[in-house]
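So the structure is just underneath, and the comments pick up after that.
There are 2 protein chains.
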Amino acid sequence: MTHRPSIKDIARVAGVSPSTVSRALAGSPRISEQTRQRIQTIAQELNYTPSLAARTLVTGASPMLGVIAPSLADPYVAAVMQGVEAASHDRGFQRLVASSQGDPEQEVAMMQLLVGHDVAGLIIISSRIPPEHGAGLPRFDIPVVFINAFHPGEGIYHVMTDNEHGGWLATTHLLERGHTRVAYLGGPQQGRSHTARLAGYRRALEEAGYAYQPSWVVPGDGTPQAGRKALRWWLRQPESQRPTAFFCYNDLSALGLLSEAYQQGVAIPEDLSVVGFDNAPLAEISIPPLTTVEQKARELGRQAVASLLAALASKPVTDVILRGELIPRATVAAPRVSVIRDQ
Amino acid sequence: MTHRPSIKDIARVAGVSPSTVSRALAGSPRISEQTRQRIQTIAQELNYTPSLAARTLVTGASPMLGVIAPSLADPYVAAVMQGVEAASHDRGFQRLVASSQGDPEQEVAMMQLLVGHDVAGLIIISSRIPPEHGAGLPRFDIPVVFINAFHPGEGIYHVMTDNEHGGWLATTHLLERGHTRVAYLGGPQQGRSHTARLAGYRRALEEAGYAYQPSWVVPGDGTPQAGRKALRWWLRQPESQRPTAFFCYNDLSALGLLSEAYQQGVAIPEDLSVVGFDNAPLAEISIPPLTTVEQKARELGRQAVASLLAALASKPVTDVILRGELIPRATVAAPRVSVIRDQ
DNA sequence: TTGAAAGCGCTAACAC
DNA sequence: GTGTTAGCGCTTTCAA
Chain A
0 MTHRPSIKDI ARVAGVSPST VSRALAGSPR ISEQTRQRIQ TIAQELNYTP
50 SLAARTLVTG ASPMLGVIAP SLADPYVAAV MQGVEAASHD RGFQRLVASS
100 QGDPEQEVAM MQLLVGHDVA GLIIISSRIP PEHGAGLPRF DIPVVFINAF
150 HPGEGIYHVM TDNEHGGWLA TTHLLERGHT RVAYLGGPQQ GRSHTARLAG
200 YRRALEEAGY AYQPSWVVPG DGTPQAGRKA LRWWLRQPES QRPTAFFCYN
250 DLSALGLLSE AYQQGVAIPE DLSVVGFDNA PLAEISIPPL TTVEQKAREL
300 GRQAVASLLA ALASKPVTDV ILRGELIPRA TVAAPRVSVI RDQ
Chain E
0 MTHRPSIKDI ARVAGVSPST VSRALAGSPR ISEQTRQRIQ TIAQELNYTP
50 SLAARTLVTG ASPMLGVIAP SLADPYVAAV MQGVEAASHD RGFQRLVASS
100 QGDPEQEVAM MQLLVGHDVA GLIIISSRIP PEHGAGLPRF DIPVVFINAF
150 HPGEGIYHVM TDNEHGGWLA TTHLLERGHT RVAYLGGPQQ GRSHTARLAG
200 YRRALEEAGY AYQPSWVVPG DGTPQAGRKA LRWWLRQPES QRPTAFFCYN
250 DLSALGLLSE AYQQGVAIPE DLSVVGFDNA PLAEISIPPL TTVEQKAREL
300 GRQAVASLLA ALASKPVTDV ILRGELIPRA TVAAPRVSVI RDQ
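Chain order of the listed sequences is A and E. Sequential numbering from 0 applies to the first sequence in the working numbering. Sequential numbering from 0 applies to the second sequence in the working numbering.
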C-alpha cells in the first residue's frame, strides 16, 4: 500500500493545480462545473480522504470535540455520551473521548492531552476536580463545558441537572407516602451531584418538620456494591429504629440494594421503599420496576454540545439547568407500620 | 486569549532556534542538560502543549486509534470500550470514537472519516456490514481489527468470542438440567454473533438427539423490549407445547424477559428457565441473579489494541478467539413437569 | 551542541 | 476560473 493520496496526486492526474483541487472539493463557487465533476471523480477513484491534520494546521480549528468522563461503564455517562454523539455528529464534529477513572489529576492530564490534539472545545462530564481547585484549573483558549460540575471562569460554561430539586422530589415523594424515617444512600464524595442531592433531601426533610439525621446518610459511591452494603447496614439497625425508605444517589446503587434485599428476603416495597436517581434504561426493567427521579442525560449531552458550539461561534452562552420529574413505579409503598412522628 | 504557544515562542524566549526546542522537548541526547532544563522550564511557564496535528503531519502517524461501535449505550460495548481504553491509554494512544447506529453505510462513512483524522488504526466493534460485502470494504493503508465480526483481508485482523461454543454451552447447560424444549431468543440478524450463537444452540440440541425447531427461534435484536416480546410470545403458545427454557442472545434481552415475566406473574426459574449471554455487570444484580455465558468483553478490547499495535509494529498477528465460561446463577432450574422426550 | 532549511497536506490571499 | 505563493507547527536532514 502506497501512501494516502493527497490533493497533489489528484492535481497531477487532473492536470490542474493543487489549489484548484482544494477549491473543487470544498465546493467553491468560482470553479467550472466541468472541472469540479472531473476532480470529484478522480478523488473517488483514488479513494482520496482529506488529511484533517493538515486542514487543522492551516485553519487553526479542528472538527473534534474532547470529552472526558470518570468512567465509560456508567449507564448515566453512556446516556450523556449518546446526546453528545448525536448533537456533535449532526454538526460535523468527531469526539475524542478519554476517561479519567475518577482521578482529578488524570482529568487535568486528559485536558492537556486533548488540547494538544487541537480539539475545538472540551466537554467534561461529572468532573471530580474539587471546586476549591477551581482557580487552579489550567486555562485554555478553547471553550469548556462542564456537565454536572461547577468551575466558574471565563470561557467556561455549565450544563447541569437540578440535583437539589431532584433530591427534594425523591424525598418529598417518600414523605408524602407516609414515611417518616428516610435514609439517603450517598454518591461519590467529591462530586457536586452528591452534595446537591443530599441538600435537597435535607431540605425536604426539614420542610416537612423532621430533623436531619446525619446517621441516616450512608456513604456510597454510586455502584451496585454500595447498594448491597447499604442494605446490610439497614439490617444491622435495631428494628424499631430502621428507616422505612431509602433515597439512593443513583439507579445503579438502588439496583444493588434491590438485589441484596431479594437475597436477604427483604420485601420491596413492603418492608422498605426505594427511590433511585437517573431513570436509567435499567430502572424500567428492574424487579420491581424502580421509582426514580429522571435525569435528562441525553439532553445534558445535547445541550453541552450546543453551548460549546455557540461559544465557538462567539454567541452569548448562559449556563443551563435541567429539571427531571419523579417517575413513580413500583418500589415505593406506604410504610408497613405507620410510625408515630418521633421527632 | 492569545494563541497557543508554539515552539517558536519558546525558542524566542530561550534565545535558541526552534529545532533546539524540538530536540530538547523530545529528549534528544545531543543537547546540553543545561539548555534542556531551561527550555523545559520555559515550556512549563508558557503552558505549552505540542500540536499533535503538526506532529502528525510531519511524522505521518498520529497517536490516535479510531473506534467504531453500533451503539455506545450497550453495556457490552461499554465493557469492550473499557478494555480498549485501558490498553490504548497505557500505550499512549487516544481514541476517536464514533457510533454507527447499527447502520452499515454509516459504518463505512465513519471509517472514511476516522482515516481522514489520520488514526493509526481502526477497531470496529460488532460490525454490521454483511459478510458478503467483505470484498467491497474500502481499503486503507492502516491496520483494522474487527471485534466479533469477520471480514478477512490483508491488514485486517480479528478478535472474537467463541460464540458458537457459548451458544452450545448455554443450551447444553439447559439440556443437562432436564429441559427438552429450549427456545432461542435471537439478536441482530445481520450480526455474526447471532448466527454463531444460534449455530451452537442448534448443535447442542442435535448432539443431544433433539430436532432443531425453527419455530422456537424467536427473532429479537438484543434489547430488553425484545425480551418482553419473547415472553409474551411464550405466553401465547399452547401450554403443552411451551418451551421450558430460553437461551437469550444477550443479558439485556434476558433481563427484559425477566422483567416481563415478573409483571405477568411467571415465576423464574420455576415456570421458565433463562440463560443470558455476556455476563454484564447487571447480570449479577438481577432478580433472580442471571445464569449466563461469560463474554470477556474487556479482554476483547484489550486484545484488539494489542493486535493493532502489533500490526503497526509489523509484527506477525494472528486472529484470536476468546472463550467464556458458563456462569451458573439462579435463573435455571429443572423443568416443572418433566416432559417425555417428544422428538 | 546548535542552527538553517525543507517539507508534511492543506487553505487562503493574491495575481492573472 | 485557475495558478502561484506563503505558511500553519512541527520534525529532520544537513551543516557548522
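The beta carbon of each residue, even a glycine, is placed where N, CA and C say it ideally should be. All of these numbers come straight from a predicted model, not from anything done at the bench.
Checklist entry - Along chain A, which residues have their Cβ under 7 Å away from the Cβ of asparagine 46 of chain E? => result Pro137
Checklist entry - Is it a yes or a no for the region 217-229 of chain E touching the region 172-192 of chain E, going by three-plus beta-carbon pairs under 8 Å? => result yes
Item to check | DSSP state of aspartate 250 of chain E mapped onto helix, strand, coil | outcome: helix
Item to check | Local conformation of histidine 172 of chain E per DSSP, three classes | outcome: helix
Item to check | Proximal residues of chain A, C-beta to C-beta of glycine 115 of chain E below 8 Å | outcome: Thr48, Pro49, Ser50 and Leu51
Item to check | Contact set for threonine 222 of chain A: own chain, Cβ-Cβ below 8 Å, skip 5 residues either direction | outcome: Leu251, Ser252 and Gly255
Item to check | Among A:Ser214, A:Leu257, A:Ile38 and A:Gln262, the one whose alpha carbon lies nearest that of aspartate 8 of chain A | outcome: A:Ile38
Checklist entry - If you compare alpha carbons, which of E:Leu271, E:Arg94 and E:Leu71 is closest to serine 61 of chain E? => result E:Arg94
Checklist entry - Leaving out the 5 sequence neighbours to the left and right, which residues in its chain are closer than 6 Å to valine 143 of chain A when beta-carbon positions are compared? => result Leu121 and Ile155
Next on the checklist: Along the chain, where does the beta strand (DSSP E) containing valine 158 of chain E start, and where does it finish?
Outcome noted: 155-160
Next on the checklist: Between A:Pro151, A:Arg201, A:Glu153 and A:His150, which has its C-alpha nearest alanine 169 of chain A's C-alpha?
Outcome noted: A:Arg201
Checklist entry - In the region 275-304 of chain E, which residues sit with their C-beta less than 9 Å from some C-beta in chain A, listed in chain order? => result Pro280, Leu281, Glu283, Ile284, Ser285, Ile286, Pro287 and Pro288
Next on the checklist: Rounded to whole angstroms, what is the Cα-Cα separation between proline 151 of chain A and proline 334 of chain A?
Outcome noted: 43 Å
Checklist entry - Does any CB atom of chain A fall closer than 8 Å to the CB of valine 273 of chain E? => result no
Next on the checklist: Taking the beta carbon of threonine 179 of chain E as the centre, do at least 16 other beta carbons fall within 10 Å, making it buried, or is it exposed?
Outcome noted: buried
Next on the checklist: Less than 8 Å between the beta carbons of glutamine 81 of chain E and leucine 71 of chain A, yes or no?
Outcome noted: yes
Checklist entry - What residues of chain A sit near leucine 121 of chain E, judged by a beta carbon separation below 8 Å? => result None at all; the shortest Cβ gap to chain A is about 13 Å.
Item to check | Per-residue contacts from arginine 328 of chain E into chain A (C-beta, under 9 Å) | outcome: Near arginine 328 of chain E there are no residues of chain A at all, since even the closest Cβ is about 11 Å away, more than 9 Å.
Checklist entry - Would glutamate 104 of chain A count as contacting chain E if we go by Cβ distances under 8 Å? => result no
Checklist entry - Using a Cβ-Cβ cut-off of 6 Å (strictly less than) and excluding sequence neighbours within five positions of threonine 243 of chain E, which residues of its own chain qualify? => result His178, Arg180 and Pro334
Item to check | Integer-rounded CB distance, given that leucine 51 of chain A should sit under 8 Å from histidine 116 of chain E | outcome: 5 Å
Checklist entry - Going along the chain, which residues of its own chain have a beta-carbon closer than 6 Å to the beta-carbon of threonine 19 of chain A, five neighbours each way excluded? => result none
Checklist entry - What is the DSSP secondary structure of glutamine 212 of chain A, reduced to helix, strand or coil? => result coil
Next on the checklist: Going by DSSP, what residue range makes up the beta strand (DSSP E) through valine 15 of chain E?
Outcome noted: Run containing valine 15 of chain E: none; DSSP gives neither H nor E here.
Item to check | Same chain, Cβ closer than 8 Å to glycine 91 of chain A, neighbours up to 5 away in sequence not counted | outcome: Pro62
Checklist entry - Of the residues that make up the region 79-90 of chain A, which ones have a beta carbon closer than 7 Å to any beta carbon in chain E? => result Met80, Gln81 and Glu84
Checklist entry - In this structure, does DSSP put alanine 10 of chain A in helix, strand or coil? => result helix
Checklist entry - What runs of the alpha helix (DSSP H), each 4 residues or longer, lie entirely inside the region 250-307 of chain A? => result 250-263 and 280-284
Checklist entry - What residue from A:Leu56, A:Val66, A:Pro69 and A:Glu153 has the CA that sits closest to threonine 317 of chain A's CA? => result A:Glu153
Item to check | Proximal residues to alanine 332 of chain A (C-beta, below 8 Å), its chain only, five neighbours per side dropped | outcome: Arg176, Pro268, Glu269 and Ser272
Checklist entry - Taking 8 Å as the CB-CB limit, is glycine 219 of chain A close to chain E? => result no
Checklist entry - Nearest chain A C-beta to glutamine 212 of chain E closer than 8 Å, yes or no? => result no
Next on the checklist: List, in chain order, every chain E residue whose beta-carbon is nearer than 8 Å to that of glycine 255 of chain A.
Outcome noted: Ile284
Item to check | Assigned secondary structure, leucine 184 of chain A (DSSP; H/G/I helix, E/B strand, else coil) | outcome: strand
Checklist entry - Bridge partners of alanine 53 of chain E, per DSSP? => result Answer is none; alanine 53 of chain E lacks a bridge partner.
Checklist entry - In terms of DSSP beta bridges, what is alanine 244 of chain A paired with? => result A:Val181 and A:Ser272
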